[in-house]
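First up is the structure itself, then whatever we jot down about it.
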Amino acid sequence: DAKTTQPTSMDCAEGRAANLPCNHSTISGNEYVYWYRQIHSQGPQYIIHGLKNNETNEMASLIITEDRKSSTLILPHATLRDTAVYYCIASAGNNRKLIWGLGTSLAVNP
Amino acid sequence: GAVVSQHPSWVICKSGTSVKIECRSLDFQATTMFWYRQFPKQSLMLMATSNEGSKATYEQGVEKDKFLINHASLTLSTLTVTSAHPEDSSFYICSAWTGKMNTEAFFGQGTRLTVV
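Here the protein sequences come in this chain order: Z and H. First residue of the first sequence: 1, per my numbering; consecutive thereafter. First residue of the second sequence: 1001, per my numbering; consecutive thereafter.
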């Protein structure tokens, strides 16, 4: 699976949109981009995933660039409960050998 | 999303004893379950992959005789840490996957193991 690069940490004001970037310049054609988050001392929680089209669900939106070398996870109205570590993972779809990295630690401030 | 229940949430055991951790998929059948370990301020490290009814595949450096994995049904996998030592103290997390390509895996809430 391709390696991804994310900023170590980010801050966001409560109620504002949180935009979390991810670079995956070596992603191959059959690899999806997955986003998970991990709240302190809990297991990861699935957020969203996509191949090349933008995706939206009840939690977030995923914007993937046309060349697929980067993506952005958007939390439209961040709340304090969104404070967590966010992981961007490129995977060929069988969930094996997921490379987790250290993710982005998002702090939502009141 | 689908629910994966991991039990116990935390456990303290004496050095030399064994501990069993259960991972259950509550509302779907998991052909594959994954076991991870996470040390403080580090990322998740895959320990092993188990497919229902077959032997687990362990990652390099993970002792299969120490970390026994059983995946006897499509909804239950167990990890037994045998002869636990303080260095085994960690956060253990399971995830379950239906096996359908390009779908997400669902994670348990994790088990905090402390060996004293």
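Beta carbons are placed, not taken as given, at the ideal position from N, Cα and C, and that holds for glycine.
Mind checking which residues open and close the beta strand (DSSP E) that includes GLN1038(H)? Here the question's residue 1038(H) lines up with position 38 in the second sequence. Segment 1032-1038, the beta strand (DSSP E) holding GLN1038(H).
Contact the region 1011-1024 of chain H vs the region 1073-1092 of chain H: 3+ CB pairs below 8 angstroms: Counting Cβ pairs under 8 angstroms, three or more are found: they touch.
Nearest-angstrom beta carbon gap, GLY50(Z) and LEU62(Z) [assumed within contact, 8 angstroms]: Taking the first residue of the first sequence as position 1, residue 62(Z) is located at position 62. Taking the first residue of the first sequence as position 1, residue 50(Z) is located at position 50. Indeed they touch by this definition, with Cβ atoms about 5 angstroms apart.
Is the beta carbon of VAL1116(H) closer than 8 angstroms to that of LYS1041(H)? If you number the second sequence from 1, residue 1041(H) lands on position 41. If you number the second sequence from 1, residue 1116(H) lands on position 116. Taking the C-beta atoms as reference points, VAL1116(H) is found no nearer than 8 angstroms to LYS1041(H).
In chain H, which residues lie less than 7 angstroms from GLY93(Z) when you measure between Cβ atoms? Along the first sequence, one-based indexing puts residue 93(Z) at 93. The contacting residues are MET1101, ASN1102.
Quick one: what's got a C-beta closer than 6 angstroms to ILE1069(H)'s C-beta in the same chain, skipping five residues either side? By 1-based counting over the second sequence, the position of residue 1069(H) is 69. If we look at ILE1069(H) and ignore the five residues flanking it on each side, its Cβ neighbours are ALA1048, SER1050, ALA1056, LEU1079.
Which partner residues of TRP1097(H) appear in the DSSP bridge assignment? Taking the second sequence and counting its residues from 1, one reaches residue 1097(H) at position 97. For TRP1097(H), which the question treats as bridged, DSSP gives the partners THR1032(H).
Please tell me whether ALA1105(H) has its Cβ less than 8 angstroms away from any Cβ of chain Z. Stepping through the second sequence from its first residue, residue 1105(H) is reached at position 105. Yes, ALA1105(H) counts as interfacial toward chain Z.
Taking the CB atoms as reference points, tell me whether VAL108(Z) and THR72(Z) lie closer together than 8 angstroms. In the first sequence, counting from the first residue as 1, residue 108(Z) sits at position 108. In the first sequence, counting from the first residue as 1, residue 72(Z) sits at position 72. Taking 8 angstroms as the Cβ cut-off, VAL108(Z) and THR72(Z) do not qualify as a contacting pair.
Contact list for ILE1093(H) against chain Z, beta-carbon separation under 7 angstroms: By 1-based counting over the second sequence, the position of residue 1093(H) is 93. Residues of chain Z whose Cβ lies closer than 7 angstroms to the Cβ of ILE1093(H) are, in chain order, GLY43.
How many Å lie between MET1033(H) and ILE1012(H) at the Cα? The count along the second sequence starts at 1 and reaches residue 1033(H) at position 33. The count along the second sequence starts at 1 and reaches residue 1012(H) at position 12. Spanning the two alpha carbons is a distance of roughly 24 angstroms.
Give a yes or no on whether 8 angstroms exceeds the smallest Cβ distance from GLY1110(H) to chain Z. The count along the second sequence starts at 1 and reaches residue 1110(H) at position 110. Cβ-Cβ to chain Z under 8 angstroms: yes for GLY1110(H).
Under 8 angstroms Cβ-Cβ, which residues of chain Z neighbour THR1049(H)? Translated into the one-based positions of the second sequence, residue 1049(H) becomes position 49. Within chain Z, the residues near THR1049(H) are ARG96.
Whole angstroms are fine: how far does the CA of SER41(Z) sit from the CA of GLY1110(H)? Position 110 of the second sequence, counted from the first residue, corresponds to residue 1110(H). Position 41 of the first sequence, counted from the first residue, corresponds to residue 41(Z). Cα to Cα, the separation comes out at about 8 angstroms.
Neighbourhood of THR5(Z) by C-beta distance below 6 angstroms, restricted to the same chain and skipping five residues each side: Position 5 of the first sequence, counted from the first residue, corresponds to residue 5(Z). Excluding sequence neighbours, THR5(Z) sits near ASN23.
DSSP-derived helix/strand/coil call for TYR80(Z): Taking the first sequence and counting its residues from 1, the one referred to as residue 80(Z) is at position 80. According to the sequence provided, residue 80(Z) is Leu. The question's Tyr does not apply to it. It is helical.
Beta-carbon contacts of LYS3(Z) that lie in its chain and below 7 angstroms, excluding the five residues immediately before and after: If you number the first sequence from 1, residue 3(Z) lands on position 3. Beyond the five residues adjoining it in sequence on each side, LYS3(Z) comes within less than 7 angstroms, by CB distance, of THR26, ILE99 in the same chain, given in chain order.
Could you work out which residue in LYS1066(H), HIS1071(H), VAL1062(H), TYR1092(H) is closest to SER1054(H) when comparing CA atoms only? For this step, residue 1054(H) is matched to residue 54 along the second sequence. Looking at the Cα atoms, HIS1071(H) is the closest of the given residues.
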